[in-house]
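Novice: Mind having a look at this structure? Questions to follow.
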Amino acid sequence: MLVYPSNWSPDEMETDPALKNTLTRKAHLLREARDKYFADLYPIDALNEDDPSRAIWTDPYIKLLAFNLTQFSRVLVLDSASQPRGNLDAVFLIPKAVLAMPWVYWGEPKGWAFSNQVMLITPSMSEFAKIEGEIKRSSTNPDQYDLSIVEKLYKSHTLKLPQRPFHLTTGEFRRQDHSKYLGSGSAQKWDPEVALQNSKMLHFSDWPIPRPWDGATQTMLNSYMPKCLKSEWFGATNCKDRMLWMQLYAEYAAKRKGFCGSHFEVKVQDQKPDAMVRAGRYFHDDLM
Numbered sequence: 001m002l003v004y005p006s007n008w009s010p011d012e013m014e015t016d017p018a019l020k021n022t023l024t025r026k027a028h029l030l031r032e033a034r035d036k037y038f039a040d041l042y043p044i045d046a047l048n049e050d051d052p053s054r055a056i057w058t059d060p061y062i063k064l065l066a067f068n069l070t071q072f073s074r075v076l077v078l079d080s081a082s083q084p085r086g087n088l089d090a091v092f093l094i095p096k097a098v099l100a101m102p103w104v105y106w107g108e109p110k111g112w113a114f115s116n117q118v119m120l121i122t123p124s125m126s127e128f129a130k131i132e133g134e135i136k137r138s139s140t141n142p143d144q145y146d147l148s149i150v151e152k153l154y155k156s157h158t159l160k161l162p163q164r165p166f167h168l169t170t171g172e173f174r175r176q177d178h179s180k181y182l183g184s185g186s187a188q189k190w191d192p193e194v195a196l197q198n199s200k201m202l203h204f205s206d207w208p209i210p211r212p213w214d215g216a217t218q219t220m221l222n223s224y225m226p227k228c229l230k231s232e233w234f235g236a237t238n239c240k241d242r243m244l245w246m247q248l249y250a251e252y253a254a255k256r257k258g259f260c261g262s263h264f265e266v267k268v269q270d271q272k273p274d275a276m277v278r279a280g281r282y283f284h285d286d287l288m
């Protein structure tokens, strides 16, 4: 299912006379998602249409709309910066719960232990009514996010999804210590290629590197790319983490341009400070 703003249309035509009878780029992409990838198109409206400046179905809350999809028994919601790496059907075999999410395995963020990069939701009209009420009460708070709502309502009874294989972050390739990802007491050694191969879900999370659709400056890449390590053999340099990390971002940019066209080519820009990221929920302080 593809959720998109209701003011988009798969039938929208270009207004330029020179492009008469030509679909807009948005319309073309919606049709491609529907016809080529068999996505169900699901347009959404703002809850407060009379005042667009106060419309609350904005990015911080979009994922929570899944609680209202009661035509489905369960819904797997993926973050826009998440990338499936394998078949995800097995996730629907876990015990049923109102909400299941992976741990923020790399640390102990203040006040919250789960990550919303993947959310397995059991839709419910009653639960959606609770969420809608919380969103309306929180709509004037610029630092309020979906996790704040989820934390308040479900913190004590959220089911855990294991990070292996459902929550590998690109930030893991920048770490020196991988014990938290591999699990305490694990005899397994870190191998970036094996970790990626076994992962079902990758999440681009590399503060202060921007999200993959923005692109980072060369200066930023030079400062924050994974470090090369000494190899066990003859002291040679091991740059597997760096090479794979760079490859992931390059592949994302190439696929985005290939699927969406040149209008969606990744542009270079620095990431602005973000209250949510910087507050510690996703901030990898051991990487700085």
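Under full-length UniProt numbering, the sequence shown has 24 at position 24, and the numbering climbs by one with no breaks. Glycine included, each C-beta is placed from N, C-alpha and C at the ideal position.
1. On the three-state DSSP scale, how would you describe D206?
2. Does the beta-carbon of Q83 have 16 or more other beta-carbons within 10 angstroms, so that it is buried, or is it exposed?
3. S199 and L221 - do their beta-carbons sit closer together than 7 Å?
4. Taking the beta carbon of R174 as the centre, do at least 16 other beta carbons fall within 10 Å, making it buried, or is it exposed?
5. Using only the alpha-carbon positions, how far apart do R137 and F128 sit?
6. Taking 7 Å as the threshold (C-beta atoms), are K96 and V77 in contact?
7. Check whether the stretch 92-106 and the stretch 158-167 are in contact - that is, three or more C-beta pairs closer than 8 Å.
8. Would you check if the stretch 1-20 and the stretch 31-44 touch, i.e. whether three or more CB-CB distances between them fall below 8 Å?
9. Going along the chain, which residues of its own chain have a beta-carbon closer than 6 Å to the beta-carbon of Q188, five neighbours each way excluded?
10. What do you reckon, are the CB atoms on I121 and A66 nearer than 7 Å?
11. My understanding is that M101 touches S115, with C-beta atoms under 8 Å, so please give their C-beta distance in whole angstroms.
12. Within its chain, find whatever has a CB closer than 8 Å to the CB of F92; leave out the 5 residues flanking it on each side and keep chain order.
13. Which of helix, strand or coil does DSSP assign to V98?
14. Please confirm whether D214 and G171 have their CB atoms less than 7 Å apart.
15. Taking the beta strand (DSSP E) that K160 belongs to, which residues open and close that run?
16. Who are the near neighbours of D241 in its chain, counting only those whose CB is closer than 6 Å to its CB and skipping five residues on each side?
17. Determine whether the beta carbon atoms of T219 and C228 lie at a separation below 7 Å.
18. Are the C-beta of M13 and some C-beta of chain D separated by less than 7 Å?
19. Going by beta-carbon coordinates alone, are K36 and W8 separated by less than 7 Å?
20. Taking the Cβ atom as the reference point for each residue, do V104 and M201 lie within a distance shorter than 7 Å?
21. Going by DSSP in three states, Q197 sits in which element: helix, strand or coil?
22. Just checking my contact of L30 with P10 at CB under 8 Å: how many whole Å lie between their CB atoms?
23. Check whether the Cβ atoms of L69 and P123 sit closer than 7 Å, and answer yes or no.
24. In angstroms, rounded to a whole number, what distance separates the CA positions of H28 and C260?
25. Indicate whether E32 and T24 have their beta-carbon atoms separated by less than 7 Å.
26. Could you pull out every residue in the same chain whose Cβ sits closer than 6 Å to the Cβ of W190, ignoring the five residues on either side in sequence?
27. If we ignore side chains and look at the alpha-carbon of each, how far apart do D40 and S231 end up?
28. How should D50 be labelled, buried or exposed, when 16 other C-beta atoms within 10 angstroms of its C-beta is the threshold for buried?
Specialist: According to the data block:
1. As a position in the sequence shown, residue 206 is number 206, starting the count at 1. The answer is strand: DSSP assigns D206 an E or B state.
2. The count along the sequence shown starts at 1 and reaches residue 83 at position 83. Q83 is buried by the Cβ-count criterion.
3. As a first step, residue 221 is located in the sequence shown; it is residue number 221 there, counting from the start. As a first step, residue 199 is located in the sequence shown; it is residue number 199 there, counting from the start. Cβ distance not < 7 Å, so L221 and S199 don't count as in contact.
4. The sequence position of residue 174 within the sequence shown is 174, counting from 1. Flag for R174 reads buried.
5. Taking the sequence shown and counting its residues from 1, the one referred to as residue 137 is at position 137. Taking the sequence shown and counting its residues from 1, the one referred to as residue 128 is at position 128. Whole-angstrom Cα-Cα distance: 14 Å.
6. Counted from its first residue, the sequence shown places residue 77 at position 77. Counted from its first residue, the sequence shown places residue 96 at position 96. Result no, Cβ atoms of V77 and K96 do not sit closer than 7 Å.
7. yes
8. yes
9. The residue you call residue 188 lines up with position 188 of the sequence shown. Taken in chain order, the residues that qualify are L182.
10. Along the sequence shown, read from residue 1 onward, the residue named residue 121 stands at position 121. Along the sequence shown, read from residue 1 onward, the residue named residue 66 stands at position 66. Yes, they are a contact pair.
11. Translated into positions along the sequence shown, residue 101 becomes position 101. Translated into positions along the sequence shown, residue 115 becomes position 115. Indeed they touch by this definition, with Cβ atoms about 6 Å apart.
12. The residue you call residue 92 lines up with position 92 of the sequence shown. If we look at F92 and ignore the five residues flanking it on each side, its Cβ neighbours are R74, L76, L120.
13. The residue labelled residue 98 in the question sits at position 98 within the sequence shown. V98: coil per DSSP, three-state reduction.
14. The residue given as residue 214 occupies position 214 in the sequence shown. The residue given as residue 171 occupies position 171 in the sequence shown. No, these two residues do not count as a Cβ contact at 7 Å.
15. As a working note, residue 160 is residue 160 in the sequence shown. Per DSSP, K160 belongs to the beta strand (DSSP E) from 159-161.
16. Your numbering for residue 241 matches position 241 in the sequence shown. For D241, the CB contacts under 6 Å within the same chain, skipping 5 residues up- and downstream, are F173, P192, P226 in chain order.
17. Taking the sequence shown and counting its residues from 1, one reaches residue 219 at position 219. Taking the sequence shown and counting its residues from 1, one reaches residue 228 at position 228. Taking 7 Å as the Cβ cut-off, T219 and C228 do not qualify as a contacting pair.
18. Structure shown: chain D not included; a single protein chain is present.
19. Counted from its first residue, the sequence shown places residue 36 at position 36. Counted from its first residue, the sequence shown places residue 8 at position 8. Going by C-beta atoms, K36 is not nearer than 7 Å to W8.
20. Translated into positions along the sequence shown, residue 104 becomes position 104. Translated into positions along the sequence shown, residue 201 becomes position 201. Not closer than 7 Å, so no.
21. Locating residue 197 in the sequence shown gives position 197, where the first residue counts as 1. Of the three classes helix, strand and coil, the one that applies to Q197 here is helix, per DSSP.
22. Taking the sequence shown and counting its residues from 1, one reaches residue 30 at position 30. Taking the sequence shown and counting its residues from 1, one reaches residue 10 at position 10. Rounded, the Cβ-Cβ distance is 4 Å, consistent with contact.
23. Residue mapping note: residue 69 aligns to position 69 of the sequence shown, counting from 1. Residue mapping note: residue 123 aligns to position 123 of the sequence shown, counting from 1. Taking 7 Å as the Cβ cut-off, L69 and P123 qualify as a contacting pair.
24. As a first step, residue 28 is located in the sequence shown; it is residue number 28 there, counting from the start. As a first step, residue 260 is located in the sequence shown; it is residue number 260 there, counting from the start. In this structure, the straight-line span from the alpha carbon of H28 to that of C260 is close to 9 Å.
25. Working through the sequence shown from its first residue, we reach residue 32 at position 32. Working through the sequence shown from its first residue, we reach residue 24 at position 24. Their beta carbons are not under 7 Å apart, which means E32 does not touch T24 by this criterion.
26. Looking up residue 190 in the sequence shown gives position 190. Same-chain partners within the cutoff: H178.
27. Within the sequence shown, residue 40 is the residue found at index 40, counting from 1. Within the sequence shown, residue 231 is the residue found at index 231, counting from 1. For D40 and S231, the distance between alpha carbons rounds to 48 Å.
28. Locating residue 50 in the sequence shown gives position 50, where the first residue counts as 1. Any reading at D50 must be qualified, since the residue scores a pLDDT of 44, below 50, and its modelled position is unreliable; no value is offered.
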